[in-house]
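Please read the structure below before turning to the comments.
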Amino acid sequence: MLKANWIQPSYRIRMRKVCALFRKDFHIDKQVNCATLYVTARGVYEATLNSQRVGDFIMAPGWTVYHERLQVQSYDVTDLLQKENTLILELAEGWFWRLKKRMPKAIIAQLHITYTDGTVQDIGTDESWRVAESSLRFCHLYNGIKYDARHTPVFNTNAKIAKDNTQNMLIPQEGEIVKEQERLSVKEVIITPKGETVLDFGQNMTGYLEITVDAHKGDKLSFSFGEILDKDGNFYNANYRNAKALYKYTCKEGKQTYKPTLTFYGFRYVRVDSYPADINPDNFTAVVVHSEMKRTGYIESSDPMLNQLFSNIIWGQKGNFLDIPTDCPQRDERLGWMGDAQVFIRTASYNYDVLKFFKKWLNDVKVEQYENGAIPDFIPSIYPRKPRISTAWSDAIAICPWQCYLTYGDVEILENLFEPICKWVEYITKSTTKPNLWFGGDHYADWLELGGKYGSFKGPTRDDLVASAYYANTVNLLVKMGKVLGKDVSYYEELHKNIRTAFIAEFRDDFKTQTEHIMALQFELTDKPQDIADSLAALIHQQGDMIQTGFVGTPYILHVLSRYGHTELAYNLLLRKEYPSWLYPISKGATTIWEHWDGTKPNGDIWPKSMNSYNHYAYGAVGDWMYGVMAGINTVEDSPGFAKVHFTPVADNRIDWFRAEIDTVSGKVSSRWWHEDGKVHYEIITPVDSTAIIDGKTYTLTPGKHIF
């Protein structure tokens, strides 16, 4: 517990969007050995000590289930201390405004100083801290900022101790911090057909705009953000819905630079609505912000569109891994949707080291689970509405930790989630209207599947079939986890057997859609897998060799095709350039993954603005097929963390060469192939004993490089 109090402004600043500044002046007359600043907030904060920013955590303290878990950050500030010191904390709402139980913004901090003579001093937040209104006159997660550089804060009142002064929810920093990662320059200054000036940064991204301007006091700057231009080349951001994403800046006299660090935007294009000088692109920089994650996975090939697809997958992950795995970074949503996270987890864990990131978020999933075992559809759960308990979304509680175990060999994540997963399975078992299946409920099912009515969010795949398939999968994963942990899982083994028997009896291998076939194949819910795979291939051909799947069918479609001898068809789907396909958005200039296969239609029309994100990573799950089938890099369940690797690369004549590598916890794994002299050549690099299947032949590999 901190030797400090939660403090708030003593006047009505806390009821407005104006940010508050809390200030403490103090004197030091002894030699400092070390000094640590501990801070957290009901909101988001930025700390400065003697006019120097403390740390590089953007949007601290991050987003957790605040009533139960609120992270405290610690910063080494030894080198920032002087004889006379001023510590200032700036507080904005951030994610805190979305709480189900409203609580006023507040901040708590403690500066712990150890002197060379062995004495210590603690300076904690209390009524002695002075308060002022910040120059940040408005700051909102969705609606942006208004900043007045003319404003001089006046610290003429004292803080007050918050009524709710409890610290029982405070925990040490658990997840990766969010940081500034890259800086993008203006690629092009566009004058649109409407005569508007638009800055194109060439990449859809998440972060904020840094501006530099030489202006007079009172001059106004104003900008709007968008992801695309419409078919006429004009600025468009109606898909932001109610998120205003404002950026309004009032200048002081002279040259000045500013960037808003207590909110963020999703954008590629910036419309200049008001600017007091000629546009110099060098005065504008897009600052890319996301969670600190080590890059581990790389894919490249001879096909430029495939390379762009992988780039889009990477940028989709960067744009949506901002403290929690969000669905999108731009509109009035930006929530931790469970379904998006689970379909992408394998790709995510190969692209980056996301173990710490997911362990923190899954702890919030655990906290949000209801007493009856139900799990909300997004975490943290913040809407004042009854959450939707849906198959494939809530099942993230089992799918995500299991994949983290396979990728990183981390047993702790299984130990932490095993009992909550048991509770989730028990909830399904008790809530279904048909024993050993999951019938009933309100499911997203194969969300955004094609084949439904125009503008609808669901296609013809049966909800009960998807729910029952995921029920089987979660129980199967629970059995696997239990065996790893040395638990008696005989009850769940029998349950899984009964679910599989009931599924086969209920649906009788009579599958109507691509997704229905995929569910049976992926989760082994048929006794005739080859027949079902052949039926799926025939259906795809009948539908014009086009993918028709949504959020739950898409991650597995190429896998089940290649697993049962239809790899050429899988490649056809991957390499298809026309709508619907992964490459179609690239033909429309996409630099991230779209929410809809046809976010922008072939004729240039835009999908209805009610739900149309251009940075929505779920369909980027195809990345794990690129790693696992094209490159053939696969984990082995009884040797997790790539302690062994099973290589099964599959080349295609339409691609001259392809390579992938993953920097695993066991060392760097690499696989590449290329066409030369009428043959396919393979190179595999493994840090561990492995196996490989090349053109039907099985090889045992020792650590090192192997050429076939």
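Here this note's numbering is used: the first residue of the sequence shown is 2, the next is one more, and so on.
We put the CB at the ideal spot given by N, CA and C, even for glycine.
Contact between the stretch 180–190 and the stretch 200–210 is present: three or more C-beta pairs spanning the two stretches fall below 8 Å.
Remark: C-beta atoms of TYR266 and LEU222 do not approach each other more closely than 8 Å. Secondary structure remark: continuous beta strand (DSSP E) runs of at least 3 residues inside the stretch 42–99, in chain order: 45–50, 71–77, 85–93. Between the stretch 327–337 and the stretch 346–359 there are fewer than three inter-stretch CB-CB distances shorter than 8 Å, so the stretches are not counted as touching. Three or more Cβ pairs closer than 8 Å define a contact, and the stretch 309–326 falls short of that threshold against the stretch 223–242. The Cβ-Cβ distance between HIS28 and GLU85 falls below 8 Å. With respect to the C-alpha of LEU142, the residue from GLY63, PHE512, PRO154 having the closest C-alpha is GLY63.
Here DSSP, grouped into helix, strand and coil, assigns ASN477 to helix. Assignment of GLY337 by DSSP, reduced to helix, strand and coil, places it in the coil class. Bounds of any alpha helix (DSSP H) do not take in CYS252, whose DSSP letter is neither H nor E. Taken in chain order, the complete alpha helix (DSSP H) segments of 4 or more residues contained in the stretch 260–345 are 305–321.
Under the three-state reduction of DSSP output, ARG564 falls in the helix class.
Within its own chain, the residues whose Cβ lies closer than 7 Å to the Cβ of ALA538, once the five positions on either side in sequence are excluded, are LEU562, HIS567, LEU570, listed in chain order.
Annotated three-state conformation of HIS152 is coil, per DSSP. Going by beta carbons, GLY410 and GLY621 fall outside the 8 Å limit. Secondary structure in the stretch 137–201: no alpha helix (DSSP H) run of 4 residues or longer lies completely within the stretch. SER302 and THR408 have their C-alpha atoms some 24 Å from each other. Boundaries of the beta strand (DSSP E) harbouring TRP675: 668–677, taken from the DSSP string. Residue pairing by DSSP places THR392 opposite no residue, since no beta bridge is assigned to it.
Annotated three-state conformation of ILE398 is helix, per DSSP. Inter-residue distance for ASP279 and ALA244 is about 29 Å (C-alpha atoms, whole angstroms). Straight-line spacing of the CA atoms in LYS435 and VAL412 works out to 34 Å.
Beta-bridge partners assigned by DSSP to LYS513: none are found. For the 8 Å CB-CB criterion, TYR472 and TRP448 do not form a contact.
For GLN549, no beta strand (DSSP E) segment is defined, and its DSSP state is neither H nor E.
The beta carbons of GLY624 and ILE314 sit closer together than 8 Å. The Cβ atoms of GLU177 and PHE23 lie no closer than 8 Å to each other. The DSSP-derived three-state label of ILE376 is coil.
In this structure, the CA atom of THR601 is about 44 Å from the CA atom of ILE172. The DSSP-derived three-state label of PRO421 is helix. Looking at the DSSP output, ASP664 bridges to LYS669.
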